[in-house]
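Residues 1 to 126 (the UniProt record's numbering) make up the sequence shown, in order. By construction, the Cβ of each residue, glycine as well, lies at the ideal position given by its N, Cα and C atoms. Given the structure is predicted, the values throughout are model-derived calculations rather than measurements.
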Amino acid sequence: MLIEQLPLARQLDMAFKKLLGELDYLSSGTVFIQIRNNAIGKFGIRHNPIESKDGAMNEPGKGLTGAQQSAFCTMAIQSLKMKKHWTHGEIYFDFTVRQNVLVASVQFESNYNMANLVAEINQHRI
Numbered sequence: 001m002l003i004e005q006l007p008l009a010r011q012l013d014m015a016f017k018k019l020l021g022e023l024d025y026l027s028s029g030t031v032f033i034q035i036r037n038n039a040i041g042k043f044g045i046r047h048n049p050i051e052s053k054d055g056a057m058n059e060p061g062k063g064l065t066g067a068q069q070s071a072f073c074t075m076a077i078q079s080l081k082m083k084k085h086w087t088h089g090e091i092y093f094d095f096t097v098r099q100n101v102l103v104a105s106v107q108f109e110s111n112y113n114m115a116n117l118v119a120e121i122n123q124h125r126i
């Protein structure tokens, strides 16, 4: 089966499942999803900076709980309802845990290609 044949929501669910191991020890960061022709290509997590003290790295803390990871994935899938009229771009899901509560936001970035637009205009002239 080709990835383009799967609904974007299913692709996003698959991406989040792949990221579970990282979310286990991250309490903040940004999940990014790159989309081309309504198919997910590259995806991953931008970790917030890891700090050191006196030259020693801090041990990774506790990350998102299973329930928080599930809620985060559900929120991400539901946010796709806000994606309108574009097929290429990126989605960023910022997350942090504050006082044991997951706080997340979504940012959409649509991308267009002027060469494709000009080609479409030229096709309609024929």
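Of the residues the options, which one's Cα is nearest the Cα of residue i?
i: A9; options: N113, K83, V103; result: K83
i: R46; options: G29, S79, Q5; result: G29
i: Q90; options: R98, F108, K81; result: Reading the sequence as shown, one finds Glu at residue 90 and not Gln. Here the closest residue by C-alpha is F108.
i: M57; options: G63, P49, L64; result: P49
i: R98; options: H124, G21, Q68; result: Q68
i: N111; options: G55, Q34, I121; result: Q34
i: T96; options: L12, K18, L23; result: L23
i: G66; options: N116, E120, L102; result: L102
i: K42; options: K18, H124, M114; result: K18
In this structure, how does DSSP classify residue i when only helix, strand and coil are distinguished?
i: L12; result: helix
i: T65; result: coil
i: Q99; result: coil
i: T74; result: helix
i: S105; result: strand
i: G21; result: helix
i: K81; result: helix
Go through its chain and collect everything with a Cβ distance to residue i's Cβ below 6 Å, but skip five positions before and after it.
i: T87; result: N37, N38
i: D94; result: T30, S105
Between residue i and residue j, which are expected to be in contact by the criterion C-beta below 8 Å, what is the C-beta distance as a whole number of angstroms?
i: L26; j: L64; result: 7 Å
If we cut at 8 Å on Cβ distances, does residue i have a partner in chain B?
i: R125; result: Reference to chain B is not applicable here, since this structure consists of a single protein chain.
Verify whether the separation of the beta carbon atoms of residue i and residue j is less than 8 Å.
i: C73; j: F32; result: no
i: M75; j: A119; result: no
If I measure Cβ to Cβ from residue i and keep anything under 7 Å in the same chain, skipping five residues before and after, which residues do I get?
i: I77; result: A9, L12, D13
i: Q123; result: none
Here's a check: name, in chain order, each residue in its chain whose Cβ is nearer than 8 Å to the Cβ of residue i, leaving out the five neighbours to either side.
i: I121; result: none
i: Q5; result: none
i: G61; result: Y25, S27
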